[in-house]
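Letter by letter, the sequence shown follows residues 2 to 505 in this note's numbering.
Idealized CB from N, CA, C, for every residue including glycine.
To start, the structure itself, in structure tokens.
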Amino acid sequence: MSVRTGAAGATPGRVALVGAGPGARGLMTARALELIAAADVIVHDRLLPDGALDEAREEAELIYAGKVGGGPSTPQGEILDVLIERARQGAMVVRLKGGDPFVFGRGGEEALALRAAGIDFEVVPGVTAGVAGPAYAGIPITHRGRASAVAFVTAHEDPDKPESSLDWSALAAFPGTLVLYMGTRRLEAIAERLLAAGRPGSEPAAVIERGSFPDQRVVYATLATASRRAVEADIGAPAITVVGPVASLGEELTWFAAGPLAGRTVAVTRVRAEASALARELQALGARVVQAPAIRVTPLAGPAPDLAAYDLVCLTSPNGVRYLWQRVRAAGGDARSFAGTTLAAIGAGTARALAEHGLEADVVPARSVAEGLVEALVDHPIRRALVARASEARDVLPDALRERGAEVEVVTLYETKAQALGPAELEAARTADYVTFTSSSTVRYLLEAAGETGFEPSPDARIVSIGPVTSETLRERGLVVHVEAERHDIKGLVAAIVGDAQGD
Ligand code: SAH
2 MSVRTGAAGA TPGRVALVGA GPGARGLMTA RALELIAAAD VIVHDRLLPD GALDEAREEA
62 ELIYAGKVGG GPSTPQGEIL DVLIERARQG AMVVRLKGGD PFVFGRGGEE ALALRAAGID
122 FEVVPGVTAG VAGPAYAGIP ITHRGRASAV AFVTAHEDPD KPESSLDWSA LAAFPGTLVL
182 YMGTRRLEAI AERLLAAGRP GSEPAAVIER GSFPDQRVVY ATLATASRRA VEADIGAPAI
242 TVVGPVASLG EELTWFAAGP LAGRTVAVTR VRAEASALAR ELQALGARVV QAPAIRVTPL
302 AGPAPDLAAY DLVCLTSPNG VRYLWQRVRA AGGDARSFAG TTLAAIGAGT ARALAEHGLE
362 ADVVPARSVA EGLVEALVDH PIRRALVARA SEARDVLPDA LRERGAEVEV VTLYETKAQA
422 LGPAELEAAR TADYVTFTSS STVRYLLEAA GETGFEPSPD ARIVSIGPVT SETLRERGLV
482 VHVEAERHDI KGLVAAIVGD AQGD
């Protein structure tokens, strides 16, 4: 769906109030992902799962509405204005919030305003932090014999303020688990309130920082000691505190293990859709991934090549496969158009992209570089070859094939262009523990996207390259290569980072 602006009688859009879950991307609902992929406009908070917006359309307008650290948040009125205005222009708007939109997320206020403005909306519940955090800390918030009720409490307000709307004696007397949504700053004052009102100091309590994120941390304590223990462990935001007899079960049932990259931040500098495979692998190992999508891939218009005229077709990237397939399909062809020609893929990722269309690559070199492909083709007699690739690419492959007497044609299917990076993305990439480069163009483009300020990684950052060609480009640009993958593909890159993190 596209934004239909201005025109009188434009179809009214709609708004989805969507919960993104607590932090683990796998806890996002299928409906949330579906709506993100379809949205024209996404108005989002800061605290979202890594990669929550990966599937957003290239053209989608992403609007950040959360607050940064203790800084000012976008006034609620402005957020409402944007939701209403974009929906009135006909856009499909997703308002994406951490956890569940109706649990301390102001989703109710937004729904009321949308109703008042006569705008259609949908609510997509999410896994709320007060359920997910304890679960990831091994704490069942209800348990036979220990708790048959749960209270979700937002304790952001100052408990000493006379206008505090919380009835602390009622909460102290509550016969069940208390789940407190709040930062640790208020914990001491709140624990004192509960103790003063008669909740026993020996009652088990747990503080869960960044619940379900790969770098989650948990402190198991008692109501009397929780605040001190949280300070000692330097627990920061966001955190959930669980108070009640169930909290001690966490020590027995703890199950969530930190991966080998827990606590490390890795910057991924590929185009968004392409970066997701790499990001997903890194996240599965516990890394935090910051995306600095420095490249935008745009398909070029053109006719489908007559594949039957070639005895060799070389594909040098998954994008090449995607756009060649699109041209073949647009011309009314299908997998049969590839019959009778030898198909060479530069690496496993490209071969996989072919396999998605039922096409098995005949040649896949062990080394995923142009030279590797040339070597792998040594025993193949070639008369006419087609190299399908991006407009900017090295000429190693066509040159080498020509040298061997083949007639070579190059079809350029797409172009890659630098995408300007915002200051926040640039800073995130600069301060990451690892900055990854998966091709020479990612190097060129990140530097280009960094603009006049340039890209200067922090002194502790480790620069990771997928292979020798990319390393060469990095060095040419004055960057130090700390880690080079032995296998020149995504798996090899991830293995190299893990090896480095473990001090191999
Ligand atoms: N709508 C959200 C809550 C928003 S209020 C939900 O349903 O989860 C913000 C508070 O939620 C934070 O101050 C913190 O107390 C809690 N919180 C959110 N995500 C969290 C997480 N991953 N781990 C621990 N606490 C979290």
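Cα-Cα separation between residue i and residue j, rounded to whole angstroms
i    : j    : result
R289 : E282 : 11 Å
G86  : V124 : The sequence given here has Glu at residue 86, not Gly. Whole-angstrom Cα-Cα distance: 19 Å.
T266 : A433 : 5 Å
Q284 : P261 : 10 Å
D228 : V44  : Checking the sequence shown, residue 228 turns out to be Ser, not Asp. Straight-line Cα distance between these residues: approximately 35 Å.
R353 : V322 : 10 Å
G479 : H358 : 41 Å
V365 : C315 : 10 Å
D380 : V465 : 34 Å
R218 : P23  : 14 Å
F153 : L84  : 28 Å
E426 : G99  : 20 Å
G70  : I236 : Unreliable positioning characterises G70 in this predicted model, as indicated by a pLDDT of 47, which lies under 50. The coordinate reading is nonetheless provided below. Their Cα atoms are separated by approximately 15 Å.
R186 : A349 : 50 Å
L49  : E193 : 32 Å
V128 : A240 : 15 Å
V370 : R488 : 10 Å
P76  : A295 : 31 Å
A305 : T317 : 17 Å
E79  : L447 : 33 Å
L36  : A268 : 26 Å
R476 : T242 : 48 Å
F122 : A39  : 15 Å
S442 : S472 : 11 Å
F339 : A309 : 7 Å
G287 : V232 : 24 Å
E56  : A293 : 15 Å
L494 : A112 : 45 Å
S440 : A356 : 23 Å
V482 : G423 : 25 Å
R145 : V132 : 17 Å
P215 : F257 : 9 Å
A302 : P399 : 22 Å
G109 : E428 : 34 Å
R368 : Y435 : 24 Å
T155 : P460 : 40 Å
R116 : L54  : 26 Å
T178 : F438 : 47 Å
I120 : V291 : 34 Å
A280 : G264 : 15 Å
R405 : A362 : 21 Å
G504 : D307 : 51 Å
Residue i vs residue j beta-carbon contact at 8 Å
i    : j    : result
E420 : R297 : Going by the sequence as given, residue 420 is Gln instead of Glu. The answer is yes: Cβ separation under 8 Å.
R431 : E457 : yes
I498 : A278 : no
E252 : T223 : no
A173 : L195 : yes
A88  : V95  : no
Y221 : A259 : no
D180 : V151 : According to the sequence shown, residue 180 is Val rather than Asp. Taking 8 Å as the Cβ cut-off, V180 and V151 qualify as a contacting pair.
G1   : A225 : Residue 1 lies beyond the stretch modelled for the chain, which goes from 2 to 505, so this question has no answer here.
T417 : V444 : no
G91  : P13  : yes
L360 : I383 : no
V42  : P102 : no
Integer Cβ distance of residue i from residue j, believed to fall under 8 Å
i    : j    : result
G212 : G134 : 3 Å
A21  : A33  : 6 Å
L313 : A345 : 6 Å
Y415 : A391 : 6 Å
A386 : L325 : That pair is no contact at about 14 Å.
R147 : P246 : 4 Å
T351 : P319 : 6 Å
D46  : G67  : 4 Å
A130 : Y182 : 7 Å
I467 : A496 : The pair is not a contact, with the Cβ atoms about 11 Å apart (cut-off 8 Å).
E1   : V397 : Outside the shown range of the chain, which is 2 to 505, sits residue 1, and nothing can be said about it.
A190 : V244 : Rounded, the Cβ-Cβ distance is 14 Å, inconsistent with contact.
T270 : Y311 : Not really, about 34 Å apart at Cβ, beyond 8 Å.
Minimum Cβ-Cβ distance from residue i to chain B less than 8 Å
i    : result
E252 : You won't find chain B in this structure, because it holds only one protein chain.
Counting Cβ pairs, one atom from each stretch, are 3 or more of them under 8 Å apart for the stretch 333–345 and the stretch 407–414? no
Do three or more CB pairs link the stretch 47–63 to the stretch 131–151 at distances below 8 Å? no
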